[in-house]
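Asks: For the sequence shown, my numbering begins at 14 and goes up steadily by one.
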Amino acid sequence: MLMLRKKKTKKHFSYGDRIMHEKPLVYSCSGCSSAAQMANYIAVQLDRNGIAEMSCIVGVGGNVKKLVKTALSGRKIITIDGCPLACSRACLSNHSINADGHFELTALGVKKRDHEDFDLEQARDILRGIQKKVRELEGVASTTDQYEKV
Ligand code: SF4
14 MLMLRKKKTK
24 KHFSYGDRIM
34 HEKPLVYSCS
44 GCSSAAQMAN
54 YIAVQLDRNG
64 IAEMSCIVGV
74 GGNVKKLVKT
84 ALSGRKIITI
94 DGCPLACSRA
104 CLSNHSINAD
114 GHFELTALGV
124 KKRDHEDFDL
134 EQARDILRGI
144 QKKVRELEGV
154 ASTTDQYEKV
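#1: Would you identify the three-state DSSP class for Asp130, choosing helix, strand or coil?
#2: Could you pull out every unbroken alpha helix (DSSP H) segment of at least 4 residues lying fully inside the stretch 59-123, listed in chain order?
#3: Within 10 angstroms of its Cβ, does Pro97 collect 16 or more other Cβ (buried), or is it exposed?
#4: To the nearest angstrom, report how far apart Val73 and Cys104 are at their CA atoms.
#5: Would you kindly work out how many angstroms separate the C-alpha atoms of Cys69 and Leu85, rounded to a whole number?
#6: Pick helix, strand or coil for Ser43, following the three-state DSSP scheme.
#7: Where does Leu140 sit, in a helix, a strand or coil, going by DSSP?
#8: Near Cys42, which residues of its chain fall below 6 Å by C-beta distance, leaving aside the five closest residues on each side in sequence?
#9: Considering only C-alpha positions, which residue in the set Lys36, Lys124 and Asn107 is nearest to Val71?
#10: What does a CB cutoff of less than 6 Å around Ile64 pick up in its chain, not counting 5 residues either side in sequence?
#11: Can you list, in chain order, the residues of its chain whose CB lies under 8 Å from that of Asp60, leaving out five sequence neighbours each side?
#12: Rounded to the nearest angstrom, what separates Asn62 and Arg88 at their Cα positions?
#13: Taking Cβ to Cβ, would you say Leu114 is nearer than 7 Å to Ile91?
#14: Under 7 Å, do Asp127 and Ser46 count as touching if we go by C-beta distance?
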């Protein structure tokens, strides 16, 4: 039986009325604290909402060839870290990669607590603000630590 396969085409997505060929990449830390888990949650939501494409920071930190290649692809990069230790930013900087936008959650009022989950309402609020900033990223050289709640 003849199977016809649809030719894969490059996905496009829209930022307002402009069409971009590739979404920005988003990386987050995903440590054990409430802040780290919130960072991971926000990055996952950006991916699921079609705002950015999440890639695995642990692969970059672990020097996994395929994931380092993605990080070095030249696409815009967003990092979301739970605290000032900025683990995802540090993983990228080991490969001389600087994020176009970096968000540090404790600077946005998030408490870093061990053995506790994050506040979902707060996470959704911050997600809305970050989404807005990511949409503004196109054509912006750097949004490092810039953030405004919506
Ligand atoms: S950036 Fe902070 S919260 Fe995130 S994994 Fe590193 S130490 Fe944990």
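Backbone N, C-alpha and C define an ideal beta-carbon position, used for all residues, glycine too.
Replies: In this structure, then:
#1: coil
#2: 70-74, 78-84 and 100-106
#3: exposed
#4: 6 Å
#5: 13 Å
#6: coil
#7: helix
#8: Counting only residues of its own chain and dropping the five nearest sequence neighbours on each side, Cys42 has a CB closer than 6 Å to the CB of Ala49, Ala52, Asp94, Gly95, Cys100 and Ser101.
#9: Asn107
#10: Its chain contains Gln144 and Val147 as the residues whose beta carbon lies nearer than 6 Å to that of Ile64, once the 5 sequence neighbours on both sides are disregarded; these appear in chain order.
#11: Val39, Glu66 and Met67
#12: Distance from the CA of Asn62 to the CA of Arg88, rounded to the nearest whole angstrom, comes to 18 Å.
#13: Position check: residue 114 holds Gly in this sequence, whereas Leu was assumed. Yes, the pair counts as a contact, with Cβ atoms nearer than the cut-off.
#14: In contact: Asp127 and Ser46 (Cβ atoms closer than 7 Å).
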